[in-house]
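What follows is a short report on a single structure.
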Amino acid sequence: MQPAPVTPMVKKLLILNVGIWLLLVIGLQELVLHSRVVFEYFGLIPDSTVFRFYLWQPFTYMFLHSGSEIFHILFNMLLLWWLGAELELRWGSRFFLTYYLVCGVGAAVIYTVGAILYFWLTNQAYVLGVPVVGASGAVYGLLLAYGMIFGDRVMYFMMMFPMKAKHLVMILGGIELVTLLSSGPTGPVATLCHLGGLATGFLYLLYLAQRRGGGSAGRKKPKRKYGRKLRLVVDNDRLGDDQGDRPPRYWN
Numbered sequence: 418m419q420p421a422p423v424t425p426m427v428k429k430l431l432i433l434n435v436g437i438w439l440l441l442v443i444g445l446q447e448l449v450l451h452s453r454v455v456f457e458y459f460g461l462i463p464d465s466t467v468f469r470f471y472l473w474q475p476f477t478y479m480f481l482h483s484g485s486e487i488f489h490i491l492f493n494m495l496l497l498w499w500l501g502a503e504l505e506l507r508w509g510s511r512f513f514l515t516y517y518l519v520c521g522v523g524a525a526v527i528y529t530v531g532a533i534l535y536f537w538l539t540n541q542a543y544v545l546g547v548p549v550v551g552a553s554g555a556v557y558g559l560l561l562a563y564g565m566i567f568g569d570r571v572m573y574f575m576m577m578f579p580m581k582a583k584h585l586v587m588i589l590g591g592i593e594l595v596t597l598l599s600s601g602p603t604g605p606v607a608t609l610c611h612l613g614g615l616a617t618g619f620l621y622l623l624y625l626a627q628r629r630g631g632g633s634a635g636r637k638k639p640k641r642k643y644g645r646k647l648r649l650v651v652d653n654d655r656l657g658d659d660q661g662d663r664p665p666r667y668w669n
């Protein structure tokens, strides 16, 4: 997989994520306050989101990363670049940003609902109060889209084993599902968010395809004679023109 040059919207997201990490997480939280206050207010905490009405958390959590594990932000930003640049070139900046944010928020909603259901079933409140931070939910949405659009391109699983992108997405999704079923949502990695990003990306693209009548995979729709509108066609066709002190759960 040859990475594309950094595209405009991907560049802005990279700068925003790294800037927030340096200023708020490393600078303010770790060096000045020596507490988890940034994660407590802006990370995703199901208890705070639902019962304290911190409704910004499903959006803000995706711009925060671990202050102690540099590989957390490094891997997320590399994947944002490698996957996102190709998709932005394909879709245009506006739709790419919309899709990225929808996947991130959708992953947060799925995680929150899953955490509440887990609490009701097991009476374990721990999962409701642990901050979740990271862009992995949105990045997994990008991975899903990349596998659907560029499914036959070769990617390297664990940087060693070449395989088609669509097969890599299936393998990673299967690993996340097995991990979730074996350890539940209380593990150190928020696998439910990863799966939420995959599910949200798939459902969002399916919804747009159905709304525009793209029910047959691989069939192009005729161009409209008026204006320039976003078009979404399934498979490999073009997808449009540009128009406290509790430790966080890190996504790796």
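In our numbering, each residue's number is its place in the sequence shown (first place is 1) plus 417.
Ideal Cβ positions, reconstructed from N, Cα and C, are used throughout, including at glycine.
None of these values were measured; they are calculated from a predicted model.
In angstroms with no decimal places, state the Cα-to-Cα distance between P425 and A502.
Position 8 of the sequence shown, counting from 1, holds the residue named residue 425. Position 85 of the sequence shown, counting from 1, holds the residue named residue 502. Rounded to whole angstroms, P425 to A502 spans 9 Å at the Cα level.
Tell me whether the beta-carbon of P605 lies closer than 8 Å to the beta-carbon of A532.
The residue you call residue 605 lines up with position 188 of the sequence shown. The residue you call residue 532 lines up with position 115 of the sequence shown. No; because the gap between Cβ atoms is not below 8 Å, this pair is not in contact.
What did DSSP end up calling Y471 once you bin it into helix, strand or coil?
Here residue 471 refers to the residue found at position 54 when the sequence shown is read from its first residue. Shown here, Y471 sits in coil according to DSSP, grouped into three states, outside any helix or strand.
From S485, P420, L430 and Q419, residue whose alpha carbon lies closest to that of L447:
Against the sequence shown, residue 447 aligns to sequence position 30. Reading off the sequence shown, one finds Glu at residue 447, where the question assumed Leu. Proximity to E447 across S485, P420, L430 and Q419 peaks at S485, based on C-alpha coordinates.
P579 burial status per 10 Å Cβ neighbour count (16 or more: buried)
In the sequence shown, residue 579 corresponds to position 162, counting from 1. Around the beta carbon of P579, fewer than 16 other beta carbons lie within 10 angstroms, which makes this residue exposed.
Taking just the CA atoms, how far does L518 sit from L561?
Position 144 of the sequence shown holds residue 561. Position 101 of the sequence shown holds residue 518. Using only the alpha carbons, I get a separation of about 14 Å.
The region 431-439 contacting the region 506-518, beta-carbon criterion three pairs below 8 Å:
The region 431-439 makes no contact with the region 506-518, as fewer than three CB pairs between them are under 8 Å.
Run the CB neighbour count on P420, radius 10 Å, all protein chains shown included, and call it buried at 16 or more, exposed below.
To locate residue 420, count along the sequence shown from 1; it is residue 3. The residue in question, P420, is exposed, as its Cβ has fewer than 16 Cβ neighbours within 10 Å.
Residues near E593 by beta carbon distance below 6 Å, same chain, minus five either side:
Indexing the sequence shown from 1 puts residue 593 at position 176. Sequence-distant Cβ neighbours of E593 in its own chain, meaning closer than 6 Å and more than five residues away, are T608, H611 and L612.
Environment of A626 [buried if 16+ CB atoms lie within 10 Å]
For the purposes of this step, residue 626 is taken as the residue at position 209 of the sequence shown. Buried, since its Cβ has 16 or more Cβ neighbours within 10 Å.
Hey, how far is the Cα of A542 from the Cα of L534?
Your numbering for residue 542 matches position 125 in the sequence shown. Your numbering for residue 534 matches position 117 in the sequence shown. Straight-line spacing of the CA atoms in A542 and L534 works out to 11 Å.
Below 8 Å CB to CB, which residues in the same chain sit around K527 once its five sequence neighbours on both sides are set aside?
Here the question's residue 527 lines up with position 110 in the sequence shown. Per the sequence shown, residue 527 should be read as Ile rather than Lys. Listed in chain order, the non-local C-beta contacts of I527 below 8 Å within the same chain comprise L609, C610, L612, G613, A616 and T617, local neighbours out to five positions each way being set aside.
Are the beta-carbon atoms belonging to L504 and L559 less than 8 Å from one another?
Along the sequence shown, one-based indexing puts residue 504 at 87. Along the sequence shown, one-based indexing puts residue 559 at 142. In this structure, L559 lies closer than 8 Å to L504 by Cβ.
Own chain partners of G436 with C-beta closer than 8 Å, once the 5 adjacent residues on each side are dropped
Within the sequence shown, numbered from 1, the residue matching residue 436 stands at position 19. Closer than 8 Å at Cβ, skipping near neighbours: no residue.
7 Å Cβ shell around R641 - same chain, five flanking residues per side excluded
As a position in the sequence shown, residue 641 is number 224, starting the count at 1. For R641, the predicted structure reports a pLDDT of 45, less than 50, and the residue's modelled location is therefore unreliable. The matter cannot be settled from this model.
Is the distance from the Cβ of P548 to the Cβ of L445 below 8 Å?
Start at 1 with the first residue of the sequence shown, and residue 548 comes out as number 131. Start at 1 with the first residue of the sequence shown, and residue 445 comes out as number 28. For P548 and L445, no; Cβs fall outside 8 Å.
One question on the structure: do L472 and V442 come within less than 8 Å of each other, judged by their Cβ atoms?
Reading the sequence shown from its first residue, position 55 is the one you call residue 472. Reading the sequence shown from its first residue, position 25 is the one you call residue 442. Cβ distance not < 8 Å, so L472 and V442 don't count as in contact.
Assign N493 to buried or exposed, taking buried as 16 or more other Cβ atoms, counted over all protein chains shown, within 10 Å of its Cβ.
As a first step, residue 493 must be located in the sequence shown, where it is residue number 76. It counts as buried.
Taking all protein chains shown into account, decide if M587 is buried (16 or more other Cβ within 10 angstroms of its Cβ) or exposed.
As a first step, residue 587 is located in the sequence shown; it is residue number 170 there, counting from the start. Taking all protein chains shown into account, M587 has fewer than 16 neighbouring C-beta atoms within 10 Å of its C-beta and is therefore exposed.
Count the other C-beta atoms from every protein chain shown that fall within 10 angstroms of the C-beta of M572, then say buried if there are 16 or more, exposed otherwise.
Here residue 572 corresponds to residue number 155 of the sequence shown, with the count starting at 1. Looking at its Cβ environment, which holds 16 or more other Cβ atoms inside 10 Å, M572 is buried.
In this structure, does DSSP put V435 in helix, strand or coil?
Taking the sequence shown and counting its residues from 1, the one referred to as residue 435 is at position 18. Here V435 sits in helix by DSSP.
Among R507, L496, Y624 and G601, which one has its Cα closest to the Cα of F536?
On the sequence shown, residue 536 is found 119 positions in, with the first residue counted as 1. It is G601.
With the cut-off set at 8 Å, would you say V595 and W498 are in Cβ contact?
Looking up residue 595 in the sequence shown gives position 178. Looking up residue 498 in the sequence shown gives position 81. Not a contact, by the Cβ cut-off of 8 Å.
Coarse secondary structure for F567, derived from DSSP in three states:
Locating residue 567 in the sequence shown gives position 150, where the first residue counts as 1. Here F567 carries a coil assignment [DSSP, helix/strand/coil].
Bridge partners - K429, DSSP secondary structure assignment:
As a first step, residue 429 must be located in the sequence shown, where it is residue number 12. According to DSSP, K429 bridges with nothing at all.
Nearest by alpha-carbon distance to H439: which of L622, S483 and L620 is it?
Counted from its first residue, the sequence shown places residue 439 at position 22. This sequence places Leu at residue 439; His is not what is there. Among L622, S483 and L620, the Cα nearest to that of L439 is on S483.
Taking Cβ to Cβ, would you say V550 is nearer than 8 Å to F456?
Position 133 of the sequence shown, counted from the first residue, corresponds to residue 550. Position 39 of the sequence shown, counted from the first residue, corresponds to residue 456. Going by C-beta atoms, V550 is nearer than 8 Å to F456.
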